[in-house]
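Remarks on the structure that follows.
Residue numbers (my numbering): 24 to 432.
Rendered as structure tokens:
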């Protein structure tokens, strides 16, 4: 195709040279030169045109190649990103699976360990019921023998007036002795006595000794009262309470010195029978105290109506509630919120005296005095101590009373 075009360009140059020669006065050499120049120019134009087309085509191809390279690069990046994501996912899943297997192995080890311990415990427990039963039987036998033999001791702990620290009351605590003289701890004998229904007999023993002690103190012109703990079951016992009431009626002249003490929770949940029997004792002039109170939110009119004249509360809890401006306060006929330093005075309006118990150090005494608490009890003032041996013998319950009590126990 290119040769044909060049032949055409030569023909055109020849035509131009012939035209110059024919129509001008130029000689033949110049006419041939003009034709040759024309053919050369046409050839040059053709070459330039071909070169331009080739350049455009080359540029187009380069653009196409560049686009392909860009697309391939983009595709490679996407593939790399997906590969990285897939690798991370696989690593994460493998890590989770490994952790799960480790946890399962640990759980399995614990289960095996528990199973082994359980089997050991079952083997060991085969003998424990017999041992416990033997120990309980022995303890119950010791308690019953101590009561039947009258080995019921009275320990007294002082309750002092503040700030003078003068002994104004005592609290009586029961202690039982074995035949060899060793003491049976309250934590042991109280549970045993409840299970054997012997609390009533024990309370009657305690009351007999308390009454005798109060009489001896009165003989010495010591105006000291004694707080005697009494179980709620004793106030509800249909067999023993009449005996108890009979004894207290005979000693009603001591009603100002003998105070019956109940746990606060037992007082709050008292039955109709217990309420009626408390009223019978109150009619004789005897007063009541509640201990182990946990809150100052006391219904004072209700306590006063029930014959309660003393409230004992742990010194630490008491100070904490008195110090707190938003702390618990007693229910009374005062409509405004009373200050902590007014609480003791408000109780006294209802003839109720506040006693801070379990005071163990002098720092607590200082705090108690700050709130004008009238009485304190605790080891800082003196712990429970047994009465003298001679007095123990003089206040021993008579055999007739012991036999009478055990007809019901």
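Where is the CB? At the ideal position from N, CA and C, for every residue including glycine.
Query                                                                                                         : Result
Residue 338 (DSSP reduced to helix, strand or coil)                                                           : helix
Alpha-carbon to alpha-carbon, residue 423 and residue 404                                                     : 38 Å
Through-space distance from residue 83 to residue 102, alpha-carbon basis                                     : 28 Å
Beta bridge counterpart(s) of residue 384 as assigned by DSSP                                                 : BP columns for residue 384 are empty, so no partner.
Stretch pair the region 355-374 + the region 285-297: three plus CB contacts closer than 8 Å                  : no
Same chain only: Cβ atoms within 8 Å of residue 198, ignoring 5 sequence neighbours per side                  : 175, 176, 177, 178, 206, 207, 209 and 409
Identified DSSP bridge partners for residue 313                                                               : 285 and 334
Assigned exposure category for residue 254 - 16 Cβ within 10 Å defines buried                                 : buried
Whole-Å CB distance - residue 363 paired with residue 394, under 8 Å assumed                                  : 6 Å
C-beta contact flag for residue 326 and residue 398 at 8 Å                                                    : no
Buried or exposed (CB count within 10 angstroms, at least 16 for buried), residue 314                         : buried
Per-residue DSSP class, three states only, for residue 197                                                    : strand
DSSP beta-bridge partners of residue 379                                                                      : 336 and 399
Boundaries (first-last residue) of the beta strand (DSSP E) holding residue 184                               : 175-184
Coarse secondary structure for residue 322, derived from DSSP in three states                                 : strand
CB contact flag (residue 407, residue 180, <8 Å)                                                              : yes
3-residue-minimum beta strand (DSSP E) runs that sit fully inside the region 196-265, ordered along the chain : 248-252
Top-ranked residue by Cα proximity to residue 248, from 426, 332 and 420                                      : 332
Opposing strand residues paired with residue 404 [DSSP bridges]                                               : According to DSSP, residue 404 bridges with nothing at all.
DSSP-derived helix/strand/coil call for residue 87                                                            : helix
Which listed residue (203, 352 and 98) has its alpha carbon closest to that of residue 169                    : 203
Reference residue 213; option with closest CA among 165, 323 and 308                                          : 165
DSSP beta-bridge partners of residue 192                                                                      : 182 and 248
Cβ distance (whole Å) where residue 377 is taken to contact residue 334 below 8 Å                             : 6 Å
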